[in-house]
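>
Residue numbers (my numbering), protein chains in the order written: chain S, 47 to 133; chain A, 1208 to 1463.
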């Protein structure tokens, strides 16, 4: 009886470690959707602006990099959290 | 297991052995890299400013173009004319982060120092203390908090919603995101390069001889990713510096 309980406890330990890995995968997968779309929107609008007025390319490019940094940070929070979850 | 090859767990990449001594203050190879970076930067700028020729050449040319880049590309775009006094601080910050990031692709070391969370946290805390101090000095203690927590031009019932969001976003999210952005970019690059290097070595040394030619694929990707990592190192240093400039510039005059 006790060894059945011990075997179940050990399997539960493996199950929880497996679930943690799945959880880490879901965390990063979910965190990468929004910033992917967001960066696409930012860069697309920056390309339109640079095509309309090529002499404003410098400030537009600087603002584009700033926008990319802000949105990419959200995806990276998910990445760090996935690593923290996996232990 | 791929092709019958065993790989070590990823957590082995983030454990460090100390050079001598033990405990939390024992030096590792990364400490040695930090000291080397400081010596390199000081030596470069001192050597570059020795000649003072009118038409610059060599090291003086590189240092002057870096100075112009920080002034025209970062300060004049975000802080305006009155931010020109901050050039020295921002060029030091930019050079420090750039040299610390470049250690990722140098053979023999190949570990970006900023992949340890301590360095980005320390730099982000420095920028946080600076922009709060500049804000308090130029607008007074209560004036600064009033303009940060209660942005003008908003009908007053919305302040119940906006003020907590503004306080959390300015006082907590800014240093957190600044440090995590730099740290996670460098850590992700380091993990990518390590993964492909281990895969190439595993296939090259562990697979049966007829399959050894398959190591060309991860090796080609490793070469391409190393080039990409140089771009990411430069970009992350630039973004950290320009965000520091935006925060300090935003704290200098009240919101309009």
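We put the CB at the ideal spot given by N, CA and C, even for glycine.
Determine the burial state of residue 1302 of chain A: buried for a count of at least 16 other Cβ atoms within 10 Å of its Cβ, exposed for fewer.
Classification for residue 1302 of chain A: buried.
> Can you tell which of A/1234, A/1350 and A/1328 has the C-alpha that lies nearest to the C-alpha of residue 1459 of chain A?
Checked all of A/1234, A/1350 and A/1328; the closest Cα to residue 1459 of chain A is A/1350.
> Taking 8 Å as the threshold (beta carbon to beta carbon), is residue 1451 of chain A in contact with chain S?
Chain S, which has no Cβ nearer than 8 Å to the Cβ of residue 1451 of chain A, makes this no.
> Excluding the five sequence neighbours on either side, which residues of its own chain have a C-beta within less than 6 Å of the C-beta of residue 1208 of chain A, listed in chain order?
Here the model assigns residue 1208 of chain A a pLDDT of 46, short of 50, so the residue's position is not dependable, and the following value carries that caveat. Excluding sequence neighbours, residue 1208 of chain A sits near nothing in its chain.
> Just by C-beta distance, which residues in the stretch 93–108 of chain S are closer than 7 Å to chain A?
Under the 7 Å Cβ criterion, the stretch 93–108 of chain S contributes 105 and 108.
> In chain order, what residues of the same chain lie with their CB nearer than 8 Å to the CB of residue 1428 of chain A, ignoring the 5 residues before and after it?
The answer, listed in chain order, is 1403.
> Tell me, please, which residues DSSP counts as bridged to residue 1235 of chain A.
Answer is A/1225.
> Considering Cα atoms alone, identify which of S/129, S/110 and S/119 is closest to residue 78 of chain S.
Among S/129, S/110 and S/119, the Cα nearest to that of residue 78 of chain S belongs to S/119.
> If the cut-off is 7 Å on Cβ atoms, which residues from the stretch 1392–1409 of chain A count as contacting chain B, listed in chain order?
Of the protein chains in the structure, S and A, none is chain B.
> Report all residues from its chain with a CB closer than 6 Å to the CB of residue 85 of chain S; omit the five preceding and five following residues, and keep chain order.
Cβ neighbours of residue 85 of chain S beyond the five flanking positions: 114 and 117.
> Put residue 1323 of chain A into one of helix, strand or coil per three-state DSSP.
Coil.
> With 8 Å set as the bound, which would you pick, yes or no: does the beta-carbon of residue 1240 of chain A sit closer than that to a beta-carbon of chain S?
Cβ-Cβ to chain S under 8 Å: no for residue 1240 of chain A.
> Taking C-beta pairs closer than 8 Å, name the residues in chain S that residue 1248 of chain A reaches, listed in chain order.
Simply none; closest approach about 23 Å.
> How should residue 97 of chain S be labelled, buried or exposed, when 16 other C-beta atoms within 10 angstroms of its C-beta is the threshold for buried?
Residue 97 of chain S should be labelled exposed.
> Flag this pair as touching only if the stretch 1442–1450 of chain A and the stretch 1381–1388 of chain A have three or more C-beta atom pairs under 8 Å; answer yes or no.
Enough Cβ pairs lie closer than 8 Å, so yes.
> Of the choices A/1299, A/1240, A/1378 and A/1359, whose alpha-carbon is the least far from that of residue 1454 of chain A?
Residue A/1378 is the option with its Cα nearest to residue 1454 of chain A.
> For residue 89 of chain S and chain A, any beta-carbon pair shorter than 8 Å?
No, its Cβ sits nowhere closer than 8 Å to a Cβ of chain A.
> Please specify which runs of the alpha helix (DSSP H), each continuous and at least 4 residues long, are wholly inside the stretch 86–116 of chain S, giving them in chain order.
Within the stretch 86–116 of chain S, no complete alpha helix (DSSP H) run reaches 4 residues.
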